[in-house]
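Q:
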Amino acid sequence: MTTVQNGPGSAKQELLRARLEGMIAGLVPGEPLPAERDLARDLGVARMTLRRAVDGLVEEKRLIRRRGSGTFVAGAKVSQRLAATSFSADMRARGLRPGSHTVESRRFPAGMMLAALLDVPPQTDVLFVRRLRLADDVPMALEDLHVPATVAPGLTGEDLESASFYDLLARRFDDPVVAGTQTVEPALAGADEAALLGVPEGSPVFLFERTSRVRSGGVAEFVRSTYRGDRYRIVVDIFPPD
Ligand code: GLP
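Set out below in structure tokens:
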């Protein structure tokens, strides 16, 4: 048995955390951690030291503590189909309450690169909004959204606070999203993203890029989204070859 010593922020504390993380990774969501007394003994730490490390993981919502019954591995992964649905609709379909918090927003002319992606002239006004997406108040994804003013004139970052972009397009602009192209690749959360998502820096994430078109034909958005790898799994429907 390896003995892990005390000391907040110390290498020993980090080792303890790494061992707990390893243990969590090996459990299924909803499964309980062993009883505190047994776990502290197995890890060779004082119960207080263990409790502090577990507190950190509870705060990050990776573990859930239920009074009187123990500590459990947090939420199951969301199975995400690669479809032109909105975050809000996806969460509602799972019985979760969608949320959106605007972290930053500004406007600027598209420039060459964005103009090509958004299929607009380079001088077109573009709204950039960085949004934290939440499910039952838990951060799930960070989205960097670019919307050309041609598709949603007058739209602001505040309009998107706690609101669905796709609902606004359909209701306020009477121009729903009808199709899109999306790519997905693995990445590691950078310091800023990790802080906003409430995960350790370097955690695995899915990087989605989506361009979608509205019914009237224009490109509604170019979005780069960072989805938590510990909360998502990608589902792909397969069809017979043509
Ligand atoms: C998903 C997509 C984004 C899209 C968003 C709209 O997260 N990856 O490209 O902008 O849904 O979601 P909502 O309508 O909830 O704002």
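Those letters in the sequence shown? Residues 72 to 313, by this note's numbering.
Positions of the beta carbon are idealized from the N, C-alpha and C atoms, including for glycine.
This one's a predicted model, so the numbers in the text were calculated from it and none came from an experiment.
Kindly say whether Leu278, judged by its beta-carbon, lies nearer than 8 Å to any beta-carbon of chain B.
A: Judged by its chain identifiers, the structure shown contains no chain B, having just a single protein chain.
Q: Exposed or buried, what is Gln194 when buried is set at 16 or more other beta-carbons lying within 10 Å of its beta-carbon?
A: Looking up residue 194 in the sequence shown gives position 123. Under this definition Gln194 is an exposed residue.
Q: Between the Cα of Leu205 and those of Tyr298, Leu86 and Ala250, spot the shortest distance and give me the residue it belongs to.
A: Counting from one through the sequence shown, the residue named residue 205 turns up at place 134. For the residues Tyr298, Leu86 and Ala250, the minimum Cα distance to Leu205 belongs to Tyr298.
Q: Quick test of the definition: if touching needs 3 or more C-beta pairs under 8 Å, does the stretch 178–197 touch the stretch 138–153?
A: Result no; under three Cβ-Cβ pairs closer than 8 Å.
Q: Under 7 Å: does the beta carbon of Phe277 sit that close to some heavy atom of ligand 1?
A: Taking the sequence shown and counting its residues from 1, the one referred to as residue 277 is at position 206. Checking every heavy atom of ligand 1 against the Cβ of Phe277, none is found closer than 7 Å.
Q: Rounded to whole angstroms, what's the CA-CA distance from Asp316 to Asp161? Just pull it up for me.
A: Nothing about residue 316 can be reported from this structure: the residues present for the chain run from 72 to 313 only.
Q: Taking the alpha-carbon positions, what's the Gly93 to Arg112 distance?
A: Within the sequence shown, residue 93 is the residue found at index 22, counting from 1. Within the sequence shown, residue 112 is the residue found at index 41, counting from 1. Those two C-alpha atoms are separated by around 17 Å.
Q: Just to confirm, does Ser235 get its C-beta within under 7 Å of one of the non-hydrogen atoms of ligand 1?
A: Within the sequence shown, the letter at position 164 stands for residue 235. Yes, Cβ of Ser235 sits closer than 7 Å to a heavy atom of ligand 1.
Q: Short check: CB of Ser159 to CB of Ser235, under 8 Å?
A: Looking up residue 159 in the sequence shown gives position 88. Looking up residue 235 in the sequence shown gives position 164. Closer than 8 Å, so yes.
Q: For Gly251, name the three-state secondary structure that DSSP assigns.
A: By 1-based counting over the sequence shown, the position of residue 251 is 180. Of the three classes helix, strand and coil, the one that applies to Gly251 here is strand, per DSSP.
Q: Residues bridged to Gln84 by DSSP?
A: Here the question's residue 84 lines up with position 13 in the sequence shown. Partner(s): none; Gln84 has no beta bridge.
Q: For the alpha helix (DSSP H) that contains Glu264, what are its first and last residues?
A: Residue 264 sits at position 193 when you count from the first residue of the sequence shown. That run of the alpha helix (DSSP H) goes Ala262 to Leu268.
Q: Below 8 Å CB to CB, which residues in the same chain sit around Glu264 once its five sequence neighbours on both sides are set aside?
A: Position 193 of the sequence shown, counted from the start, is the residue given in the question as residue 264. The residues are Leu213, Val276 and Thr297.
Q: By Cβ distance below 7 Å, which residues in the same chain neighbour Val209 in space, the five residues on each side in sequence not counted?
A: The count along the sequence shown starts at 1 and reaches residue 209 at position 138. If we look at Val209 and ignore the five residues flanking it on each side, its Cβ neighbours are Lys132.
Q: Starting from Glu107 and walking both ways along the alpha helix (DSSP H), at which residues does that stretch end?
A: Stepping through the sequence shown from its first residue, residue 107 is reached at position 36. Residues Glu107 to Leu114.
Q: In terms of residue numbering, what span does the beta strand (DSSP E) encompassing Leu121 cover?
A: On the sequence shown, position 50 is the one that residue 121 refers to. Premise fails: Leu121 lies in the alpha helix (DSSP H), Arg118 to Glu130, not in any beta strand (DSSP E).
Q: So, for Ser233: in the same chain, excluding its five sequence neighbours on each side, which residues have a beta-carbon less than 6 Å away from its beta-carbon?
A: Along the sequence shown, one-based indexing puts residue 233 at 162. Excluding sequence neighbours, Ser233 sits near Ser171.
Q: Would you identify the three-state DSSP class for Ile135, choosing helix, strand or coil?
A: As a position in the sequence shown, residue 135 is number 64, starting the count at 1. Ile135: strand per DSSP, three-state reduction.
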